[in-house]
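Count along the sequence shown from 1, then add 761; that gives the number in my numbering.
Data block below; observations after.
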Amino acid sequence: MDTTQLALLALLAGIVIGGSVAAVIVIALRARDRARVETSLAIPEGVREVLHGMDDAAVVVDASFTVLAASTAAGPFHLVEGRTMPDDQLRAMARRARSESSPATETLRVQRGAPPAEPRLVVVRATRISPRLTLLVLRDITERERVEQMRRDFVANTSHELKTPVGAVTLLAEAIESAADDPPQVRIFASRLTAEANRLALLTSRIMNLSRLQSSDELTEDRDVSIDEVVAAALDAHAIQADSAGVDVVRGGRRGLYVRGDVQVLSEAVGNLIANAIAYSPQGSSVGVGVKSVDGVVEIAVTDRGIGIAEGDQDRVFERFYRADPARARRTGGSGLGLSIVKHAVQRHGGEVRLWSRPGRGSTFTIRLPETAPPVREPAPKRGRKKKRAQAEASRPPSSNGETA
762 MDTTQLALLA LLAGIVIGGS VAAVIVIALR ARDRARVETS LAIPEGVREV
812 LHGMDDAAVV VDASFTVLAA STAAGPFHLV EGRTMPDDQL RAMARRARSE
862 SSPATETLRV QRGAPPAEPR LVVVRATRIS PRLTLLVLRD ITERERVEQM
912 RRDFVANTSH ELKTPVGAVT LLAEAIESAA DDPPQVRIFA SRLTAEANRL
962 ALLTSRIMNL SRLQSSDELT EDRDVSIDEV VAAALDAHAI QADSAGVDVV
1012 RGGRRGLYVR GDVQVLSEAV GNLIANAIAY SPQGSSVGVG VKSVDGVVEI
1062 AVTDRGIGIA EGDQDRVFER FYRADPARAR RTGGSGLGLS IVKHAVQRHG
1112 GEVRLWSRPG RGSTFTIRLP ETAPPVREPA PKRGRKKKRA QAEASRPPSS
1162 NGETA
């Protein structure tokens, strides 16, 4: 190899070596810059562990709204570590907290789950924890607001429902006073006054029962309850109503089944279903009360052949003061609380109420309760043995000290 070739190889080697050194320097500079960025975006120590232990949805996002850390509850809100925060409202909250350097709190509706699911009402608090990092905590208050709205509706509906019989009692009392010289009219007004007073008493009693079922954590009486006893008590309580309406109530199905609970509460629940079935059945028809056991569940079904319930009303019939047929309810004196009491009474016993209905064909309400084993009863003592033993003692000769030998 001549001198020219050796010089060329040396030049190429120098270029290669020099290029490698330059590449190494470039890579090192890039790594240093990346380390600086990661340092500026580093999550404070302990924050990730706190997020993972939270029940509320909580996330830490950077300036590009990428989720760096998230609690387990944040997943259903589509807030997943390594992904961009999708909700524009939450982005605006994070941007506002960073720019103002102070926590921002707002109530928003945020999508939870797939789009068919309704947005949830959440209280969002955004807090800046570094120049580029923001903490967002989402507290779901949907159920709390729903319960509060139910309470407001209950108070408003109760006031409205009580106003009607109270006003009627006042007017009838004035009518009786003005018709004091007309005994027949006084009797008519007095009978109507009695009916309104009974309606007011029934409404007040049902409001108190419903309030007790909703507020109490435990049943006042918890024992083995015979379903035969529950059904018999409910039938006896509404026998006069059935005779007056010309409706025959038939009891069928299994006997000897037991559940755990309060016999009075269950009897009232079944009685409310029977009363509704009678009220919405035509004269001369029948109402069936059937009992059976299915896979450890006792089912009490009350079936009528009445007007039925439209499909759009079936999801609302268990609401307080809701009436599928207001005109008929006014004629029969219904309060709109019976089915609500049934639902809460059954839920208190760990069961559920199911409804099947078709307009013009009738309805079937089924109470489903966990079955329990029949109580073990001690055998009654045999009277014959006691009698024979007493006769034997009496026939023994007396001993020398005057006692029976």
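Just so it is clear, CB atoms sit at the ideal spot from N, CA and C, and this is done for glycine as well.
In this text, all values refer to a predicted model and were calculated from it rather than measured experimentally.
Review point. Can you give the Cα-Cα distance for Ile1001 and Asp985, rounded to whole angstroms?
Key: C-alpha separation (whole angstroms): 29 Å.
Exercise for review: Could you spell out the range, first to last residue, of the beta strand (DSSP E) harbouring Asp849?
Suggested key: Taken as a continuous stretch (DSSP letters only), Asp849 belongs to no beta strand (DSSP E), being part of the alpha helix (DSSP H) at Asp849 to Glu861.
Review point. Distance, Cα to Cα, Leu829 vs Leu812?
Key: Using only the alpha carbons, I get a separation of about 11 Å.
Check your understanding: Roughly how many whole angstroms lie between the Cα atoms of Gln946 and Ala1036?
Key -> Computed Cα separation, rounded: 31 Å.
Practice item. May I have a chain-ordered list of the beta strand (DSSP E) segments no shorter than 3 residues that lie completely inside the region 972-1055? Key: Whole beta strand (DSSP E) segments, 3+ residues: 984-987, 1009-1014, 1019-1022 and 1047-1055.
Review point. So Glu1072 is in the alpha helix (DSSP H); what residue range does that whole segment cover?
Key: Following the DSSP letters along the chain, one finds Glu1072 inside the alpha helix (DSSP H) bounded by residues Glu1072 to Gln1075.
**Study point:** Boundaries of the alpha helix (DSSP H) in which Ala819 is found, first to last residue
**Key:** Segment Ala818 to Val822 is the beta strand (DSSP E) holding Ala819; no alpha helix (DSSP H) there.
Check your understanding: Taking Cβ to Cβ, would you say Gly1014 is nearer than 8 Å to Ile1068?
Key -> It is not a contact, given that the beta carbons lie outside the stated cut-off.
Practice item. Counting only the same chain and skipping the five closest in sequence on each side, list residues whose C-beta sits under 8 Å from that of Gly1163. Key: For Gly1163, the predicted model reports a pLDDT of 44, less than 50, meaning its position is unreliable; a value from the coordinates is still stated below. Its chain contains no residue whose beta carbon lies nearer than 8 Å to that of Gly1163 once the 5 sequence neighbours on both sides are disregarded.
Check your understanding: If you measure from the beta carbon of Val1052 to each beta carbon in chain B, is any gap under 8 Å?
Key -> Within the model displayed, chain B is absent; a lone protein chain is all it includes.
Check your understanding: What does Asp1065 pair with, by DSSP beta-bridge criteria?
Key -> Note: Asp1065 is bridge-paired with Ser1124 in the DSSP secondary-structure output.
Review point. Would a C-beta distance cut-off of 8 Å place Asp1029 and Ala1106 closer than the cut-off?
Key: A small fix is needed here, since residue 1029 is Glu in this sequence, not Asp. Yes; because the gap between Cβ atoms is below 8 Å, this pair is in contact.
**Study point:** Cα-Cα separation between Gly1112 and Glu1080, rounded to whole angstroms
**Key:** Taking the straight line joining both Cα atoms gives about 17 Å.
Point to revise | Minimum C-alpha distance to Ser1042 - residue among Asp1023, Val1063 and Gly1057 | key: For the options Asp1023, Val1063 and Gly1057, the alpha carbon positioned closest to that of Ser1042 is the one of Val1063.
Check your understanding: Less than 8 Å separating the beta-carbons of Val885 and Leu899?
Key -> Result yes, Cβ atoms of Val885 and Leu899 sit closer than 8 Å.
Practice item. Inspect the beta-carbon positions of Ile1102 and Val992 and report whether they are closer than 8 Å. Key: No; because the gap between Cβ atoms is not below 8 Å, this pair is not in contact.
Practice item. Taking only the alpha-carbon atoms, compute the straight-line gap between Ala1006 and Ala1040 and give it to the nearest angstrom. Key: Roughly 8 Å separates the two Cα atoms.
Check your understanding: Is the region 838-845 touching the region 819-829 in the sense that three or more CB pairs, one from each, lie closer than 8 Å?
Key -> In the pairwise beta carbon analysis, the region 819-829 is classified as touching the region 838-845: at least three pairs are separated by under 8 Å.
Review point. If you compare alpha carbons, which of Pro1131, Asp997, Asn1033 and Ser1047 is closest to Lys1053?
Key: Proximity to Lys1053 across Pro1131, Asp997, Asn1033 and Ser1047 peaks at Pro1131, based on C-alpha coordinates.
**Study point:** Strand pairing of Val898, partner residues [DSSP]
**Key:** DSSP, once it has assigned bridges, lists Ala819 and Arg886 as partnering Val898.
Exercise for review: Report the partner residues of Ser1118 according to the DSSP bridge assignment.
Suggested key: In the DSSP output, where bridge partners are listed per residue, Ser1118 has Ser1124.
Exercise for review: Since I believe Gly1022 is in contact with Asp1065 (beta carbons under 8 Å), could you give me their beta-carbon distance rounded to a whole number of angstroms?
Suggested key: Contact between Asp1065 and Gly1022 does not hold, since the beta-carbon distance rounds to 25 Å and is not under 8 Å.
Review point. What separation, rounded to the nearest whole angstrom, lies between the Cα atoms of Ile1070 and Phe950?
Key: Between Ile1070 and Phe950, the C-alpha separation is close to 35 Å.
Check your understanding: alpha helix (DSSP H) containing Leu1100: first to last residue?
Key -> It spans Gly1099 to Arg1109 - the alpha helix (DSSP H) in which Leu1100 sits, taken as one unbroken run.
Exercise for review: Report yes if the C-beta distance between Ile1128 and Val1011 is below 8 Å; otherwise report no.
Suggested key: Contact flag unset, no.
Point to revise | Cα-Cα separation, Ala1088 to Tyr1019 | key: With a pLDDT of 48 at Ala1088, under the threshold of 50, the modelled position of this residue cannot be trusted, and the question is left open.
Review point. So, is Asp848 buried or exposed, given that buried needs 16 or more other C-beta atoms within 10 angstroms?
Key: With 16 or more other Cβ atoms within 10 Å, it is buried.
Check your understanding: Which stretch, first to last residue, makes up the alpha helix (DSSP H) that contains Arg873?
Key -> Here Arg873 belongs to no alpha helix (DSSP H), and DSSP marks it neither H nor E.
Check your understanding: Hey, out of Arg857, Ser863, Arg913 and Pro880, whose CA is closest to Thr903's CA?
Key -> If we check each option's Cα against that of Thr903, Pro880 comes out closest.
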